[in-house]
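These notes concern the structure reproduced below.
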Amino acid sequence: MKWIIKRFIRSIMAILLSTSITFFLVRLMPGNPISSLLYQYIVEFRLPPDKATEIVSALFAIDLNEPLWSQYLKYIYNVLRGNLGFSYTSYGTPVITMIAYALPWTIFIVSISIILSFSTGILLGMIAAYKRGGLLDNSLSLYASVVASLPSYVIGVLLLIFLSYNLGIFPRGGCYDPRIQPGFTLEFISSVLYHACLPVLSYTITNMGSWALTMKNSTISVLGEDYVLAAEARGLKKRRIIISYVGRTAILPLFTSLMISIGAMFGGSIFIETIFLYRGMGYLLSRSLSVFDYPVLQGCLNIVIISTIVANFIADILYSKIDPRVRRE
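Position one of the sequence shown corresponds to residue 278 (this note's numbering), numbered consecutively onward.
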């Protein structure tokens, strides 16, 4: 329990530090819609600076003359309360409302991608380890080397060009067909799955090779262990040895990487979702960045940061349950 509390406190400190860095980095960025609107009121509408400041402050519910340290304290207080502010460019829409719409779409494609790439990679990795030097082993190494040199968005662009624009097999973008009324109907669910195919395929192709190679190397290192040789000498069924002795141990190093990959996929979603016009967190982050919508940008970055830290915390807990030696370190 003491080990878990220690990890929990460390995670909370990491979240506070990361959100603080986000606050200051966003404010160092050039340009923002408030300055542009203020300039418009003063130059085009010929209003006095004080009057223009008063109008803009009332419009966005902010104090333009508030010192930075006061803004920071208010920001931390609001984040702890779950208040991420209001959008500058969406007519005062709460940021939390925009994220609540976008987040489920990203979770949907990321979850499916992780399940597919992880399970397929583990299976291929174990087979390649047992048949070293064979066709699957050599093909897997070549595939992983090629894919590792290509970012996920390049895979996404290639899939979009060939499977959507050239062959017309999949739609060119969106989360679902706008002609279909959203709801728990077979037509809507089918449309959602159909539109998610290319984003999911992009993630899966990019990550499957690395999982397979990692599992292959981990399996090879386990195959020579004494307890595996003893199990074989006892005449246990090969299926039981593979699952209970080899697989269970070989998969341990992949757990931490699995949780870290969740945060990495959230961060990489800005490219995939922008390419496929998939209105998840990545698309929202990209859009807010292009129009300098600071509150939305901060909110998206905070969600990505918190999800990564929480995923790492869960990975530590799970790993400690599987391998008790971790708690004694």
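Cβ atoms here follow ideal geometry from the backbone N, Cα and C, with glycine treated the same way.
Three-state class that DSSP yields for residue i in the structure shown
i, result
"Phe300", "helix"
"Glu550", "helix"
"Pro326", "helix"
"Leu513", "coil"
"Phe447", "coil"
"Ile339", "coil"
"Met536", "helix"
"Lys351", "helix"
"Phe439", "helix"
"Val469", "helix"
"Arg556", "coil"
Proximity winner among the options, relative to residue i (alpha-carbon distances)
i, options, result
"Leu375", "Ser584, Asn589, Ile582, Gly559", "Just to set this straight, residue 375 is Met in the shown sequence, not Leu. It is Gly559."
"Leu595", "Ala405, Ser534, Ser426, Arg564", "Ser534"
"Leu315", "Arg304, Val333, Phe301, Met306", "Val333"
"Ala291", "Ala592, Asp593, Thr585", "Thr585"
"Gln348", "Ser390, Thr330, Val372, Arg304", "Arg304"
"Ile549", "Phe385, Phe285, Ile432", "Ile432"
"Ile311", "Gly544, Ser297, Glu331", "Glu331"
"Val372", "Leu400, Phe395, Phe363", "Phe363"
"Ile482", "Leu440, Ala425, Leu345", "Ala425"
Exposed unless 16 or more other CB atoms sit within 10 angstroms - verdict on residue i
i, result
"Asn443", "exposed"
"Val573", "buried"
"Ile289", "exposed"
"Asn579", "buried"
"Trp488", "buried"
"Val320", "exposed"
"Gln575", "buried"
"Ser565", "buried"
"Phe590", "buried"
"Thr462", "exposed"
Bridge partner(s) assigned by DSSP for residue i
i, result
"Pro428", "Its beta-bridge partners do not exist; DSSP assigns none."
"Pro371", "Phe363"
Proximity of residue i and residue j at Cβ, strictly below 7 Å
i, j, result
"Asp570", "Thr366", "yes"
"Ala588", "Met536", "yes"
"Tyr555", "Pro428", "no"
"Gly402", "Met485", "no"
"Thr383", "Ser546", "yes"
"Val499", "Thr526", "yes"
"Phe532", "Ala592", "yes"
"Val469", "Tyr453", "yes"
"Gly450", "Phe553", "yes"
"Tyr352", "Phe285", "no"
"Ile497", "Ala421", "no"
"Ile519", "Ala508", "no"
"Ile539", "Ser295", "no"
"Ser495", "Pro530", "yes"
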